[in-house]
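Below: one structure, written as structure tokens.
2 protein chains.
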Amino acid sequence: MEIDQLETPVVVVDVERLEANIRRLQVYLDEHGIANWPHIKTHKIPWIAQQQIAAGAAGITCQKIGEAEIMARAGMEKIFLPYNILGAAKLSRLMKLAQQIELSVTADSAVTIDGLSAAAREHNLALPVLVEFDTGLSRCGVPTPEQAADLARRIEATPNLVFDGLMTYPVNPQTDIFVREVKGLLSNDGIAVRRVSVGGTPQMWQAHQHPDVTEYRAGMYVYGDRYTLRSGAMQLEQVAFSLIATVVSRPTPERGILDAGSKSLSSDLMGLEGHGLILEYPQARIYHLSEEHGHVDFSDCPQRPVIGERVTVIPNHCCSVTNLFNQVVAVRQGRVETVWSVAARGAVQ
Amino acid sequence: MEIDQLETPVVVVDVERLEANIRRLQVYLDEHGIANWPHIKTHKIPWIAQQQIAAGAAGITCQKIGEAEIMARAGMEKIFLPYNILGAAKLSRLMKLAQQIELSVTADSAVTIDGLSAAAREHNLALPVLVEFDTGLSRCGVPTPEQAADLARRIEATPNLVFDGLMTYPVNPQTDIFVREVKGLLSNDGIAVRRVSVGGTPQMWQAHQHPDVTEYRAGMYVYGDRYTLRSGAMQLEQVAFSLIATVVSRPTPERGILDAGSKSLSSDLMGLEGHGLILEYPQARIYHLSEEHGHVDFSDCPQRPVIGERVTVIPNHCCSVTNLFNQVVAVRQGRVETVWSVAARGAVQ
Numbered sequence: 001m002e003i004d005q006l007e008t009p010v011v012v013v014d015v016e017r018l019e020a021n022i023r024r025l026q027v028y029l030d031e032h033g034i035a036n037w038p039h040i041k042t043h044k045i046p047w048i049a050q051q052q053i054a055a056g057a058a059g060i061t062c063q064k065i066g067e068a069e070i071m072a073r074a075g076m077e078k079i080f081l082p083y084n085i086l087g088a089a090k091l092s093r094l095m096k097l098a099q100q101i102e103l104s105v106t107a108d109s110a111v112t113i114d115g116l117s118a119a120a121r122e123h124n125l126a127l128p129v130l131v132e133f134d135t136g137l138s139r140c141g142v143p144t145p146e147q148a149a150d151l152a153r154r155i156e157a158t159p160n161l162v163f164d165g166l167m168t169y170p171v172n173p174q175t176d177i178f179v180r181e182v183k184g185l186l187s188n189d190g191i192a193v194r195r196v197s198v199g200g201t202p203q204m205w206q207a208h209q210h211p212d213v214t215e216y217r218a219g220m221y222v223y224g225d226r227y228t229l230r231s232g233a234m235q236l237e238q239v240a241f242s243l244i245a246t247v248v249s250r251p252t253p254e255r256g257i258l259d260a261g262s263k264s265l266s267s268d269l270m271g272l273e274g275h276g277l278i279l280e281y282p283q284a285r286i287y288h289l290s291e292e293h294g295h296v297d298f299s300d301c302p303q304r305p306v307i308g309e310r311v312t313v314i315p316n317h318c319c320s321v322t323n324l325f326n327q328v329v330a331v332r333q334g335r336v337e338t339v340w341s342v343a344a345r346g347a348v349q
Numbered sequence: 001m002e003i004d005q006l007e008t009p010v011v012v013v014d015v016e017r018l019e020a021n022i023r024r025l026q027v028y029l030d031e032h033g034i035a036n037w038p039h040i041k042t043h044k045i046p047w048i049a050q051q052q053i054a055a056g057a058a059g060i061t062c063q064k065i066g067e068a069e070i071m072a073r074a075g076m077e078k079i080f081l082p083y084n085i086l087g088a089a090k091l092s093r094l095m096k097l098a099q100q101i102e103l104s105v106t107a108d109s110a111v112t113i114d115g116l117s118a119a120a121r122e123h124n125l126a127l128p129v130l131v132e133f134d135t136g137l138s139r140c141g142v143p144t145p146e147q148a149a150d151l152a153r154r155i156e157a158t159p160n161l162v163f164d165g166l167m168t169y170p171v172n173p174q175t176d177i178f179v180r181e182v183k184g185l186l187s188n189d190g191i192a193v194r195r196v197s198v199g200g201t202p203q204m205w206q207a208h209q210h211p212d213v214t215e216y217r218a219g220m221y222v223y224g225d226r227y228t229l230r231s232g233a234m235q236l237e238q239v240a241f242s243l244i245a246t247v248v249s250r251p252t253p254e255r256g257i258l259d260a261g262s263k264s265l266s267s268d269l270m271g272l273e274g275h276g277l278i279l280e281y282p283q284a285r286i287y288h289l290s291e292e293h294g295h296v297d298f299s300d301c302p303q304r305p306v307i308g309e310r311v312t313v314i315p316n317h318c319c320s321v322t323n324l325f326n327q328v329v330a331v332r333q334g335r336v337e338t339v340w341s342v343a344a345r346g347a348v349q
């Protein structure tokens, strides 16, 4: 089938670009001796995870137990789940998974550690736990090296948990200072920081500038999007992910309406102006999204589309768009190769 | 099962409130002789559509062919699809549907009308088409009464199409002026405007103030959300839709992190500040969303949550949240009654 025959809106992935993106980061991380733990939240597709492993990734990163369960069923043997897992039901699922594969998690509080400890004891497991720290994002993560060291000691003192290292997102100069301070604090206790896991596609080519980093989690690098383009980490000809839409209305000479709205492109702005880049009309501005309509201003375009015309949109944020589609279409050299189910989409957290 | 046992993040629908919301709008529209065509894009659940019909709705409104196909399979016999349907594949699906149920669509251009006409001729159908007009939203819809009248004449002159009336969203004072002008223009041609379809939950209680309106499409009124609350069309004790999340981190005295981010709450702001109302902590501000984390500032709260605590969030926009979940949980008097599949979620456009 040709791309032109696909019904819109549809997400299309260029498989050759995808494969090149997977290789490129792997080669770079291999060169610098950094283990690759790609984040599958971006694609949620087992086949792509398998390609990442085949290319040399040490394991994969998931953001939800549901994603990890689906990836484990698809043959993934090493999964990092950098999330505070809390509550009896989730801890039970986590332990079941830890019995099947090589699983590690994170914690940023005594509450999380104590929950993991009780569950691991009950299941007679030795669960590796990394301490999450914050270096500016203000999300999860302890804010001081002292707190990180305290949690590391607490993990190490717990029979069924193993302190495995430190985790943060994204990576920046503060990361190095923080890690060195924690290492200093823990050296007196004889506690080693085996893993230092950082992530982020925008910063991926600077990973080697952080001497303590042992592993890297990047997600968007497989696809690319408008946010990744703006960061400079990828070029337009490397972007493997696009959404094809149809112009369904041209109510005025300037305005065009696409059949892709917030339920296709998501409302994620990521600090950008507008909701996507239209490749055929790069001066166009997708200035508003209704649920199933994209509102476009074509004022600055020397040529403008007619009703029924198809356009190719690079979305702001590929991770959120993936999460809105049950399937994405894989194309190779302009022809449809296969249709992938976004298997881990909508998985229970 | 009790609500407390559900794994988070989870969307919970209070069935008694839902039923009351369905009744309340139906009673109001019945009183004023306005036909009710509720928009199922909000819930995408056949059972709820069936309740809307059972309560007295004339038919349902869908926004995508995929939604209409699923609702037709669930027994819906009258569906309004207010969208410009273009392209061979979609027109073929549309005609198949029009052979099974009473279907009407909209058009705002000659291109759309000609496509519908060719497809209807091929299938030997008489398809009812309404002309979409714009009264300020600047989405689809012709901007002038003259253009609307021209399209009405074009539809009426086409053997396999039937001009059925006018459609817009939302409804406002301009709507009345526009409709009267079109009626005036068409009266010389002996063309009647049978249906005047308008919509919008925020304006629903003013429907009777628009004398030409014959039918109403509201979507969010079944659930309610933070946007609907702000509009004044619903009160907090009527909102049937909430998301239960868990506090997974408390990195600082002020900050709390929920296990619900943009992949659960969506990034839709709808002109509001923040990303949801936390019922237990109404002064809290969900000031940022990562994909699987909600960032909350509890500074203004006299009491603050502990790690592992569950909170109830009224999202900004229920339609977008529905679209992110495969299932929602129906509760009655605090107990889980059933789990609904969001059947039309992710349906092909």
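In order, the protein sequence lines correspond to chains A and B.
Using the numbering used here, the first residue of the first sequence is number 1, and each one after it goes up by one.
Using the numbering used here, the first residue of the second sequence is number 1, and each one after it goes up by one.
Virtual Cβ for every residue (Gly too), placed ideally from N, Cα, C.
Asked, Found
"Taking the straight line between their C-alpha atoms, what separation do you get for A:I70 and A:R345?", "10 Å"
"Among B:P46, B:R17, B:D14 and B:I60, which has the Cα closest to the Cα of B:N36?", "B:I60"
"Could you tell me which of A:R180, A:G199, A:A107 and A:G200 sits nearest to A:A192, measuring between CA atoms?", "A:R180"
"Taking the alpha-carbon positions, what's the B:E67 to B:A343 distance?", "9 Å"
"In the DSSP assignment, find the beta strand (DSSP E) that holds B:T338 and state where it starts and stops.", "R335 to S341"
"CB-CB under 8 Å to B:V15, same chain, minus the five flanking residues each way: which ones, in chain order?", "A240, A330, V331, R332 and E337"
"Can you pull the chain B neighbours of A:S266, defined as C-beta to C-beta under 8 Å?", "S262, S266 and S267"
"How long is the line joining the alpha carbons of B:G261 and A:Y216, rounded to whole angstroms?", "23 Å"
"Which residue spans inside the region 175-241 of chain A form an unbroken alpha helix (DSSP H) run of at least 4?", "226-231"
"Quick check: is the beta carbon of A:F298 nearer than 8 Å to any beta carbon in chain C?", "The displayed structure is made up of protein chains A and B, and chain C is not among them."
"Name the residue from A:Y287, A:I314 and A:A120 whose alpha carbon lies nearest to the alpha carbon of B:S374.", "For chain B, the structure presents residues 1 to 349; residue 374 of chain B sits outside this window and is missing."
"Would DSSP call A:S266 helix, strand or coil?", "coil"
"Could you check where the alpha helix (DSSP H) with A:Y28 kicks off and where it finishes?", "V15 to E31"
"Given this structure, state the Cα-to-Cα distance separating A:I79 from A:E102, to the nearest angstrom.", "6 Å"
"For B:V306, report the span of its beta strand (DSSP E) as first-last.", "Unbroken run through B:V306: none, as it is neither H nor E."
"Along the chain, where does the alpha helix (DSSP H) that runs through B:E67 open and close?", "I65 to R73"
"Which residues, in order along the region 325-342 of chain B, keep a beta-carbon less than 8 Å from a beta-carbon of chain A?", "F325 and N326"
"Going straight from the alpha carbon of B:P253 to that of B:Q303, what length do you get?", "11 Å"
"In whole angstroms, what separates the C-alpha of B:I307 from that of B:G141?", "50 Å"
"Quick check: the Cα distance between B:A119 and A:M270, rounded to an integer number of angstroms?", "42 Å"
"Beta-carbon of A:K183 versus every beta-carbon of chain B: anything under 8 Å?", "no"
"Quick one: grab the DSSP three-state call for A:E292.", "coil"
"Unbroken beta strand (DSSP E) runs of length 3 or more, entirely within the region 111-135 of chain B: which are they?", "127-132"
"Is it right to say A:R73 is buried, meaning 16 or more other beta carbons lie within 10 angstroms of its own, or is it exposed?", "exposed"
"Taking the DSSP output, what are the residues bridged to A:A107?", "A:V131"
"How would you write the range of the alpha helix (DSSP H) that B:I257 sits in, first residue to last?", "Premise fails: B:I257 lies in the beta strand (DSSP E), R255 to L258, not in any alpha helix (DSSP H)."
"Please report the Cβ distance between A:G276 and A:P315, rounded to the nearest whole angstrom; I am assuming they are in contact, meaning their Cβ atoms lie under 8 Å.", "5 Å"
"State yes or no: is the beta carbon of B:T252 nearer than 8 Å to at least one beta carbon in chain A?", "yes"
"Could you name the residues of the region 104-125 of chain A whose beta carbon sits closer than 8 Å to any beta carbon of chain B, in the order they occur along the chain?", "D108, S109, V111, T112 and G115"
"On the criterion of 16 or more Cβ atoms from any shown chain inside 10 Å, does B:L265 qualify as buried, or is it exposed?", "buried"
"Taking C-beta pairs closer than 8 Å, name the residues in chain B that A:E292 reaches, listed in chain order.", "K41, Q63, K64, Y83 and Q349"
"Would A:I177 pass as a contact of A:I113 if the rule is Cβ separation under 8 Å?", "no"
"Go ahead and pull the three-state DSSP assignment for A:S299.", "coil"
"Let me check understanding here. Comparing Cα to Cα, which of A:C318, A:E309 and A:Y281 lies closest to A:D300?", "A:Y281"
"Out of curiosity, what's the CA-to-CA distance linking A:E31 and A:Q206?", "13 Å"
"In three-state DSSP terms, what is B:K44?", "coil"
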